[in-house]
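One structure below.
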Amino acid sequence: MSAGQVRPAAGPAGGTPDRLLRVVVGAAVAWMAGYVVLTALGRDRPRLAMFVGDIVYLVPLVAGVLVAGLAVRRSRGRHRTLWRLLTVAFVAQLAGECAWAGYDYLTEDGPPAPSVADLGYLTASTVMVIAVLVGFGGAGRLRHLRGLVDSTLIIVTLGALGWRMLVQPQLTEAVTAADLVNLAYPLLDVVLLACLGIVGMAGHDSVPLSVRLVGAAGAVNAVSDMVYIYLAAFSAYDSGGWVDAGFEAASMLCLLAAVVAVRRPESPARPLSFDRGLPLLPILMALTATSALVVFDKVRTGAVGDLTLIVVGVLFLTVMLRQYLFAADRAGLAEQLARAVEEQQRLAVTDGLTGLYNRRYLMTQVERLGAAAGGAPVSLMVVDLDHFKLVNDTFGHLAGDAVLAAAATRIASAARADDVVARYGGEEFVVLLAGADAPEARSVAERVRRHLRETPIVAGGAAISVTASIGVASAPDGSVRQLLEAADRALYRAKAEGRDRVSAAVTPTADPVAV
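Going by the UniProt record's numbering, the sequence shown opens with residue 1, and the numbers climb by one from there.
Structure, rendered in structure tokens:
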């Protein structure tokens, strides 16, 4: 790159973030640190707390709306749909926050229940659920039943906790509109976390970084919302408190996701699989949930309720099924790995064009026979296609490759079942015949020669006649030290005598005899 050129701002997906991304990440960390400091300072200053919770709090949301709009323009296909949905969610969230801030500043009692702010919040939460399913859903299919079982654990766990700790305490005999709105918040939070569990525990082919950040933001926002609902139900909530730091962190993650989508191509990133990274997470969540439910019932009523017992039983059975599927999955992975290793071993000794053994494997077998005791006869033939360069020059290299593949098939079919047939290099093939004496080797060689010449090979739109010169060498006592060299000398003799013939050497050191 010359001095006058400018390096592109966005590298390939999955690559190192560019300078602007590093600056944005640093600014986000600094902003969150400053927000936490202002929150701490505002604990004894109501006006500062209101300013932090209603004004400062909005800055990442405003920036997120603007950058998400740019992400829509930069994205394509499913990712564009994702960012359109997220832009709607950001706008709805911003509208709800602005309405809340207006109520906070213009009224003494704050917003009514329900209010316009609730409409914005519920719209944002609903659209966020859809966006998560769109963003993650196209990244991969459910890999196996264990992903569904893991998701069931998460749904039952979060549903039971949400119902017992957030929903049930708010139920009254006369259900009002405010009650329905208050119930909608934990319900949407549980649905969002369940959706993240479903798509996460099932595994994916690949997920872009921006989509992963959106998922993290949804999880942080849902957990913060549950804390807010709990505080609002059992104590008091004021703008600018610590729970708002969680909402601010979720907004900042969404902003970072939008910046990443703008600065980096939305092509698949490295594989994301909760199965590899967090295999025990569903079990830990189930154990934590059962403990929390039992303790919650004991503290509030002094006894464990029927609902808690049912949930504990369901979680126990689901965990047992999950562990069975986990073991079965590991056994399946081990089998796949064994097959993959076997395939790699096969490819390591196989010629890619013809499917025959390669030269490396041939030499290994020659050495093995040479080291074996017993004195059984062994023979070797070298088969060289006649005038093969003319085939390449006349019909092209693709046609030449087709001729080589067809010739290899004919040689293998003419050889004996236990013979080692290998491509030695170029248009040259070698057949190693363990246990074959000189007469039998010559017979096999003649059969190979006839198979090659009997019908033309159709390749490159033409019928190409193929013949071969074959050199054969035999070792009556099993000695293969010079067998390949003797067969090679016999091959040259066959070519010198007019090609399309077999020339045999009685022993590795004997003069070749034309047949």
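From the three backbone atoms N, C-alpha and C, an ideal C-beta is built for every residue, glycine too.
With which residues is T288 paired in a DSSP beta bridge? Per DSSP, none; premise fails for T288.
Can you check DSSP and say which residues form a bridge with D384? E428 and S469
Could you check if S115 belongs to the surroundings of the ligand FAD, using beta carbon to heavy atom distance under 6 Å? Absent from the structure shown: the ligand FAD. Ligands present: none.
Local Cβ density within 10 Å of Y424, reported as buried at 16 or more and exposed below that: buried
Whose C-alpha, out of L255, D104 and E343, is nearest the C-alpha of G26? L255
Checking 7 Å against the spacing of the C-beta atoms, do A415 and T354 come in under that value? no
Below 8 Å on the Cβ atoms is my guess for V311 versus V304; work out the distance and round it to an integer in Å. Contact flag wrong, Cβ pair sits at about 10 Å.
Classification of S503 by the beta-carbon crowding that lies within 10 angstroms, buried from 16 upward: buried
What is the DSSP secondary structure of R423, reduced to helix, strand or coil? strand
In angstroms with no decimal places, state the Cα-to-Cα distance between A177 and V65. 30 Å
Give me whichever residues DSSP pairs with V458 in a beta bridge. A463
If we ignore side chains and look at the alpha-carbon of each, how far apart do F51 and M320 end up? 51 Å
Which ranges would you report for the beta strand (DSSP E) in the stretch 334-422 if only whole runs of at least 3 residues count? 378-385
According to DSSP, what are the bridge partners of A475? V378
Rounded distance between the beta-carbons of V472 and A445, thought under 8 Å: 5 Å
According to DSSP, is A331 part of a helix, a strand, or is it coil? helix
Top-ranked residue by Cα proximity to L20, from V259, E497, V191 and V430: V259
Report buried or exposed for H79, applying the criterion of at least 16 other Cβ atoms within 10 angstroms of its Cβ. buried
Could you name the residues of the same chain whose beta carbon sits closer than 6 Å to that of A459, not counting the 5 residues immediately before and after it, in chain order? A399, A402 and V403
C-beta contact flag for D54 and A101 at 7 Å: yes
For the stretch 17-76, list the alpha helix (DSSP H) runs that are entirely contained and at least 4 residues long, ordered along the chain. 19-41, 46-54 and 59-74
What distance in whole Å lies between the Cβ atoms of A348 and R74, which are believed to be in contact at a cut-off of 8 Å? Not quite, the Cβ-Cβ distance comes to about 44 Å (not below 8 Å), so this is no contact.
Does the separation of the CB atoms of L315 and T288 fall below 7 Å? no
Looking at C-alpha atoms only, which residue of A496, G352 and I470 is the closest neighbour of V383? I470
State yes or no: is the C-beta of V466 within less than 7 Å of the C-beta of A407? yes
Use the C-beta contact count for Y105: other C-beta atoms within 10 angstroms, 16 or more gives buried, fewer gives exposed. exposed
For A486: DSSP bridge partner residues: The partner list for A486 (beta bridge, DSSP) is empty, contrary to what the question assumes.
CA-CA distance, R499 and G370? 30 Å
Does A113 come out as helix, strand or coil in the three-state DSSP assignment? coil
Going by other Cβ atoms of all chains shown within 10 Å of its Cβ, with 16 needed for buried, is H451 buried or exposed? buried
Tell me the DSSP secondary structure of A303 in three-state form. coil
Quick check on the burial criterion: 16 or more other C-beta atoms within 10 angstroms. Buried or exposed for W242? exposed
Less than 7 Å separating the beta-carbons of L253 and A216? yes
DSSP-derived helix/strand/coil call for L160: One point to set straight first is that residue 160 is Ala, not Leu, in the sequence displayed. Correct three-state label for A160: helix.
If you draw a straight line from the alpha carbon of D118 to that of Y103, how long is it in whole angstroms? 12 Å
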